[in-house]
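Here the sequence shown is numbered in the numbering used here, starting from 20 and rising by one per residue.
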Amino acid sequence: AVLSRVVWVLGWSAAHVGAMAAAGEKRLADGPLEGPRLAKVAKAKAPVAKGKAPVAKAPVSKAPMAKAPIAKAPIAKAPVAKAAVAKAPVVKASLGKAPVAKATVGKAPVAKAPLVKPPVGTAPVGKAPLLKAPIGNAPMAKAPVVEHPSESSTAGAPKIDSWKEFEESDPLYALLGEVSNDKVFGPDGQVRLATVERYLQKCFIQKVITQPKDWVEVWAAMDIPVDNQVAVLEPILSFAIKHSPEGLGKVVSELLIGHRVKTKSIEESVAVAYKGLDDKYFNMADFLFAIFPRGPTSPWGWSRIGWSWQEWWKLVEGTLSPLDGLAAFDSLVELLSRIEREGQTILVEQPQLWTEKRLSAARALLCKFAGFDKEEDLLACVDIDLDM
20 AVLSRVVWVL GWSAAHVGAM AAAGEKRLAD GPLEGPRLAK VAKAKAPVAK
70 GKAPVAKAPV SKAPMAKAPI AKAPIAKAPV AKAAVAKAPV VKASLGKAPV
120 AKATVGKAPV AKAPLVKPPV GTAPVGKAPL LKAPIGNAPM AKAPVVEHPS
170 ESSTAGAPKI DSWKEFEESD PLYALLGEVS NDKVFGPDGQ VRLATVERYL
220 QKCFIQKVIT QPKDWVEVWA AMDIPVDNQV AVLEPILSFA IKHSPEGLGK
270 VVSELLIGHR VKTKSIEESV AVAYKGLDDK YFNMADFLFA IFPRGPTSPW
320 GWSRIGWSWQ EWWKLVEGTL SPLDGLAAFD SLVELLSRIE REGQTILVEQ
370 PQLWTEKRLS AARALLCKFA GFDKEEDLLA CVDIDLDM
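1. If you draw a straight line from the C-alpha of phenylalanine 301 to the C-alpha of glutamate 187, how long is it?
2. Just the Cα atoms here: how many angstroms apart are alanine 473 and valine 203?
3. Looking at the unbroken alpha helix (DSSP H) that takes in cysteine 386, where does it start and where does it end?
4. I'd like to know if the segment 284-291 and the segment 317-324 are in contact, where contact means that at least 3 CB-CB pairs between them fall below 8 Å.
5. Would leucine 342 and aspartate 298 be called neighbours here (beta carbons separated by less than 8 Å)?
6. When we look at the beta-carbon of arginine 279 and count the other beta-carbons within 10 Å, is it buried (16 or more) or exposed?
7. Since phenylalanine 204 sits in a beta bridge, which residues does DSSP pair it with?
8. What's the call for isoleucine 285, buried or exposed, on a 16-neighbour Cβ count within 10 Å?
9. Please classify serine 327: does DSSP put it in a helix, a strand, or coil?
10. From valine 245 to glycine 390, what does the alpha carbon distance come to, in whole angstroms?
11. Just the Cα atoms here: how many angstroms apart are aspartate 242 and aspartate 233?
12. Starting from the Cα of valine 249, find the closest Cα among Asp189, Pro264 and Lys281 and give me that residue.
13. In this structure, does DSSP put glycine 314 in helix, strand or coil?
14. Distance, Cα to Cα, threonine 364 vs tryptophan 332?
15. Classify alanine 383: buried if its beta carbon has 16 or more other beta carbons within 10 angstroms, exposed otherwise.
16. Reducing DSSP to helix, strand and coil, say where tryptophan 182 ends up.
17. Count the other CB atoms within 10 Å of the CB of aspartate 420; is the residue buried (16 or more) or exposed (fewer)?
Written out as structure tokens, the structure reads:
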């Protein structure tokens, strides 16, 4: 479109120039216009404005300059567009055929050296005569089982005695290590009382155990059989009553709550350790208070599936009855008073746990411990309201 417009403009210009040239030549032929001739010429040219001047059609259509070579200018096909930039050899210089990448990765002969044909694996394995020789008559299998370390020595190799390094910095950790290595039960199933007493010296006299809950770990480290708990628990109670009785009730409650001992084992052990004795520290009262069934007025109590007031009361009778009569009476009064005080409600106003039947059982047990024949004598001796 641009080229055609240029051609048209050039053609028109050429025609216009041709017309002007023809008019000039005619003027020169006619000579100068003067006088009457000028008037004639003016008259002769007058109708040209209203008619159709033949001058406009003559040279425009047949102008030979319309096909000027300018239309095919070489600018449109300039060779600049095909410069050497597109085929620059720099791009294919050294990137595609870098020989470094294939240097030593693909053909490393070291990886296939000794792994293919090991002759060792098939030689002596199938025909080893050692499998039938010492197994049947080997006497060494019975040696370490029979010979157990003595009461005063510790068992095991030196590598398991690392607990000795912590006797000063962490005595509890050292005790756990010692108890784990030197068990309180021998291979014959009998308790080693001298070993138990050595541990009790550290627990109660040297105060290696500072918190009652630590007894749960110590008991577990002793690896005591479930059916023989009394053999260890009774010596613990007897030693503590004699040397360090304060806080013993909390130790027993932690062992029970921590699922280390059974209630039956506690009853049997207390029956031996506390037989006919006084309990001025109210250890049994502490123990029974800690495991009292949890309820609306006893949020501190013990909650466990199957644990109820009936089970708790059986344990009350079993652990207080071995005491001296008056000591058992004082312990039960202390226990009931603490439950009432901590619950902030008198027992008769706790119908969910203390029904009339249960209050009657409490009055009867108090009378038994004190030796009263009538409950009226009991009510005069205690500050607890046990009458509905």
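Every residue, glycine too, gets a C-beta built ideally from N, C-alpha and C.
In short, the structure shows the following:
1. Their Cα atoms are separated by approximately 33 Å.
2. Here the chain comprises residues numbered 20 to 407, so residue 473 is not present and cannot be evaluated.
3. Annotation for cysteine 386: the continuous alpha helix (DSSP H) segment containing it runs 375-389.
4. With the cut-off at 8 Å, the segment 284-291 and the segment 317-324 do not touch.
5. One thing to note: leucine 342 has its Cβ within 8 Å of the Cβ of aspartate 298.
6. Under this definition arginine 279 is a buried residue.
7. Beta-bridge partners of phenylalanine 204 (DSSP): Val210.
8. That one is buried.
9. In this structure, serine 327 counts as coil in the three-state DSSP scheme.
10. Rounded to the nearest angstrom, the two C-alpha atoms are 37 Å apart.
11. Rounded to whole angstroms, aspartate 242 to aspartate 233 spans 15 Å at the Cα level.
12. Comparing alpha-carbon positions, the option among Asp189, Pro264 and Lys281 lying closest to valine 249 turns out to be Lys281.
13. Glycine 314: strand per DSSP, three-state reduction.
14. Roughly 20 Å separates the two Cα atoms.
15. Exposure of alanine 383 is indicated by the presence of fewer than 16 other C-beta atoms within 10 angstroms of its C-beta.
16. In this structure, tryptophan 182 counts as helix in the three-state DSSP scheme.
17. Nothing in the structure corresponds to residue 420, since the chain is present only between 20 and 407.
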